[in-house]
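Going letter by letter, the sequence shown gives residues 0 to 194 in numbering that gives the first Met the number 0. These notes concern the structure reproduced below.
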Amino acid sequence: MKYLLEIDRAVFFFINITLQNPLFDWLMPFITSFGNFKLLIIAGTILLFILGTRKERMFLILLIATILIADFISAQIFKNLFFRVRPCNTLQGIHLLVGCTSSYSFPSNHAVNITVFATLISFKYRYLTIPAIILAILVSFSRVYVGVHYPLDVIGGALIGLLIASGVLYLDKRYFARFYNPLKDKQICSKEIDK
Numbered sequence: 000m001k002y003l004l005e006i007d008r009a010v011f012f013f014i015n016i017t018l019q020n021p022l023f024d025w026l027m028p029f030i031t032s033f034g035n036f037k038l039l040i041i042a043g044t045i046l047l048f049i050l051g052t053r054k055e056r057m058f059l060i061l062l063i064a065t066i067l068i069a070d071f072i073s074a075q076i077f078k079n080l081f082f083r084v085r086p087c088n089t090l091q092g093i094h095l096l097v098g099c100t101s102s103y104s105f106p107s108n109h110a111v112n113i114t115v116f117a118t119l120i121s122f123k124y125r126y127l128t129i130p131a132i133i134l135a136i137l138v139s140f141s142r143v144y145v146g147v148h149y150p151l152d153v154i155g156g157a158l159i160g161l162l163i164a165s166g167v168l169y170l171d172k173r174y175f176a177r178f179y180n181p182l183k184d185k186q187i188c189s190k191e192i193d194k
């Protein structure tokens, strides 16, 4: 475990110090701050809710609920299991580009949430798979670059987000879909009648 943490620290310094450049110094704090995307997210949510089909509105509710649940699980359960202190609170000589909070480091909530978002969006809108994956990678990378997370924090966060999203997709397919896809129920009923 100690060896793994040493590698984690070395990769952190490589991303945070060695890769340091003016373009990333401007871009990564912008990407890492969800506040910069709030207006776009709110506008997109309202538009989809107003203009979308019933299935799209139900998907939107599922997406928001899953992100909120994932965020809670990450922040209230996992962070309090591992008690990992952020690199910006323990390491000297780092390149800190955003404020450093006192909350624990593992897992990265940003990585959890963006992975849930990317996974669910990719399953609903296949044509958005590549952009969603790129966005998830950029947000996760930015958390290390700006100095507030170790690489294992974002990798762990991405894995947790992927597990939660996969679980929700399974539950959706198995149980929830019947509530907002009446055709599926009719197909199931007609198949049972034919038997």
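Glycine residues also receive a C-beta, built at the ideal position from the N, C-alpha and C atoms.
Query, Result
"Residue of I60, S101 and T89 minimising C-alpha distance to A74", "S101"
"Short Cβ contact (9 Å threshold) for F136 with T65", "A small correction: the amino acid at residue 136 is Ile; Phe does not occupy that position in the sequence shown. Cβ atoms of I136 and T65: not closer than 9 Å."
"V10 (DSSP reduced to helix, strand or coil)", "helix"
"Contact check, A110 vs R142, beta carbons under 9 Å", "yes"
"Sufficient close CB pairs (3 or more, under 8 Å) joining the segment 44–61 to the segment 151–159", "no"
"Closest residue to S165 among A69, R85 and Q19 (Cα-Cα distance)", "A69"
"Start-end ranges of the alpha helix (DSSP H) lying completely within the segment 45–75, minimum 4 residues", "53–71"
"Anticipated Cβ contact below 8 Å, Y144 with N15, distance rounded", "6 Å"
"F116 - DSSP class collapsed to helix/strand/coil", "helix"
"Beta-carbon spacing of L62, I132 below 9 Å", "no"
"Residue from I93, V115, P106 and A42 whose Cα sits closest to the Cα of Q19", "I93"
"Contact under 9 Å by Cβ, V97 with G146", "yes"
"Distance CB(P106)-CB(F11) smaller than 9 Å", "no"
"CA nearest to the CA of P28, picked from C99, N112 and Y174", "C99"
"Chain-order list of residues whose beta-carbon lies under 6 Å from that of F81 (same chain, five-residue window excluded)", "F105"
"Burial state of R125, where buried means 16 or more other Cβ atoms lie within 10 Å", "exposed"
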